[in-house]
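The next block holds one structure in the form of structure tokens; read it before the comments.
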């Protein structure tokens, strides 16, 4: 059994025991239980239920493993040739690692 769930504007495939890196959840603490109720699709051994826009009564329960994980550094470099214009910026996205405990449909 798995579900497609929307977490902080992104869609993830959640099944029991899966570990996911989602966009940072504010005020999350290690070991805290979190619940996501924006379930878009549920597949129960071949019986697919598609929400319009969400599946009624379905939710995903998860536990926070690590509240702050930093992603890879992305370098943004801009240059205009022959003009002496160079700008270098870096960015590291912040994630929260969660483990899916159950999918309730």
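Numbering (this note's numbering), first residue to last: 11 to 115. Cβ coordinates follow ideal geometry from the N, Cα and C atoms, glycine included. From a predicted model like this one, the values you see are computed outputs, not experimental measurements.
Supposed contact pair residue j and residue i - C-beta distance, whole angstroms, cut 8 Å
| i | j | result |
| --- | --- | --- |
| residue 74 | residue 24 | Not confirmed; about 14 Å, so no contact. |
| residue 43 | residue 71 | 7 Å |
Where residue i sits in the DSSP three-state scheme
| i | result |
| --- | --- |
| residue 44 | strand |
| residue 63 | coil |
| residue 57 | strand |
| residue 102 | strand |
Option nearest residue i by Cα separation, candidates the options
| i | options | result |
| --- | --- | --- |
| residue 81 | 18, 14, 32 | 32 |
| residue 49 | 85, 94, 79, 21 | 21 |
| residue 14 | 95, 59, 92 | 59 |
Distance cut-off 7 Å: residue i Cβ against heavy atoms of the ligand ATP
| i | result |
| --- | --- |
| residue 96 | The ligand ATP is absent from the structure shown, which contains no ligand whatsoever. |
Residue(s) in a DSSP beta bridge with residue i
| i | result |
| --- | --- |
| residue 71 | 45, 112 |
| residue 23 | 14 |
| residue 35 | None, per the DSSP bridge assignment. |
is_contact[residue i, chain B] using C-beta, thresh 8 Å
| i | result |
| --- | --- |
| residue 24 | Looking at the structure shown, chain B is missing, and only one protein chain is on hand. |
Inter-stretch contact at 8 Å, needing at least 3 Cβ pairs: the stretch 93 to 102 / the stretch 50 to 62: no
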